[in-house]
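Numbering (this note's numbering), first residue to last: 2 to 223.
From the three backbone atoms N, C-alpha and C, an ideal C-beta is built for every residue, glycine too.
As the structure is a computational prediction, the values presented were derived from the model and not from experiment.
Have a look at the structure below before the remarks.
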């Protein structure tokens with residue numbers, strides 16, 4: 002189930018749980034490249050001791066992958082706001098390899114995989130069926146096309162993002178989908194208290210209390 006959640010995730014957080022194990026930097030760079038090739042976005046975190054409260058501060062992250070020593074790589078993630086997985090589980094989710102019933106906890110082992118086995122999904126532009134949600138999931142893939150510069154102002158519509166290149170061409174990224182922007186739009190909006198117009202009567206103005214909290218002027222001493 003964690004592998005399926007990793008496949009559905011669009012924003013992945015890489016949590017650095019060790020700074021002493023050899024080749025941990027290579028594994029981090031390898032995973033960032035693998036996530037980018039799969040059309041996802043990655044962020045890296047160094048937060049010390051892992052606990053649910055720390056990871057809950059990053060609500061935009063849909064999945065965390067822990068880079069740690071084999072003894073501390075397996076985390077009971079039911080108490081966490083988002084699932085926490087291992088580098089090998091992330092590899093299974095983003096690659097076209099079929100699980101051979103082996104379980105690998107040494108994160109450096111993914112570096113020894115054959116190049117042809119470590120390619121991202123060839124069908125990453127196509128939707129896949131999610132066992133978690135029970136529906137088809139369309140990955141957020143950024144596409145680029147090269148077009149020649151033209152004088153017309155209507156070269157691209159308002160939903161395209163343009164960036165120039167060294168060869169005087171335009172790289173058009175069509176309809177960029179930002180998961181973080183969607184999260185802020187849908188999850189972090191606060192509209193305040195709702196009021197019904199023409200039915201809500203304004204409260205009359207009254208003179209407030211005067212004095213200090215321990216004894217106001219209109220209160221009698223006991």
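Query raised in the report: Can you name, in chain order, every residue of its own chain whose Cβ lies under 8 Å from the Cβ of residue 13, other than the five neighbours on each side?
Result: 7, 36, 41, 42, 43, 44, 62, 63, 64, 65, 66, 91
**Report entry** Run of the beta strand (DSSP E) containing residue 15, from where it starts to where it stops
**Finding:** 12-17
Report task. Buried or exposed for residue 217, please, with buried defined as at least 16 other CB atoms from any protein chain shown within 10 angstroms of its CB. Result -> exposed
**Report entry** Cβ pair residue 51, residue 28 closer than 8 Å
**Finding:** no
Query raised in the report: Relative to the alpha-carbon of residue 5, which residue among 111, 109, 86, 219 has its alpha-carbon at the smallest distance?
Result: 86
Query raised in the report: Using the C-alpha atoms, what's the distance from residue 82 back to residue 109?
Result: 27 Å
**Report entry** Local Cβ density within 10 Å of residue 11, reported as buried at 16 or more and exposed below that
**Finding:** buried
Query - Beta-bridge partners of residue 67, as assigned by DSSP - result: 16
Report task. Kindly indicate the opening and closing residues of the beta strand (DSSP E) around residue 44. Result -> It spans 42-46 - the beta strand (DSSP E) in which residue 44 sits, taken as one unbroken run.
Query raised in the report: Nearest CA to the CA of residue 79: which residue from 93, 24, 53?
Result: 53
Query raised in the report: Based on Cα-Cα distance, which residue from 71, 60, 58 lies nearest to residue 23?
Result: Closest option to residue 23, Cα to Cα, is 71.
Query raised in the report: If we call anything under 8 Å between Cβ atoms a contact, is residue 21 one with residue 68?
Result: no
Report task. Compute the distance between the beta-carbons of residue 88 and residue 32, then report whether it is under 8 Å. Result -> yes
Query raised in the report: Is it right to say residue 111 is buried, meaning 16 or more other beta carbons lie within 10 angstroms of its own, or is it exposed?
Result: buried
Report task. Express the C-alpha separation of residue 220 and residue 210 in angstroms, rounding to a whole number. Result -> 10 Å
Query raised in the report: What distance in whole Å lies between the Cβ atoms of residue 106 and residue 56, which are believed to be in contact at a cut-off of 8 Å?
Result: The pair is not a contact, with the Cβ atoms about 20 Å apart (cut-off 8 Å).
Query raised in the report: Looking at C-alpha atoms only, which residue of 204, 26, 34 is the closest neighbour of residue 47?
Result: 26
Report task. Measure from the alpha carbon of residue 3 to the alpha carbon of each residue in 77, 58, 214, 59, then state which is nearest. Result -> 77
Report task. Could you pull out every residue in the same chain whose Cβ sits closer than 6 Å to the Cβ of residue 214, ignoring the five residues on either side in sequence? Result -> none
Report task. Can you have a look at residue 95 and say buried or exposed, based on whether 16 or more other CB atoms are within 10 angstroms of its CB? Result -> buried
Report task. Rounded to whole angstroms, what's the CA-CA distance from residue 49 to residue 34? Just pull it up for me. Result -> 24 Å
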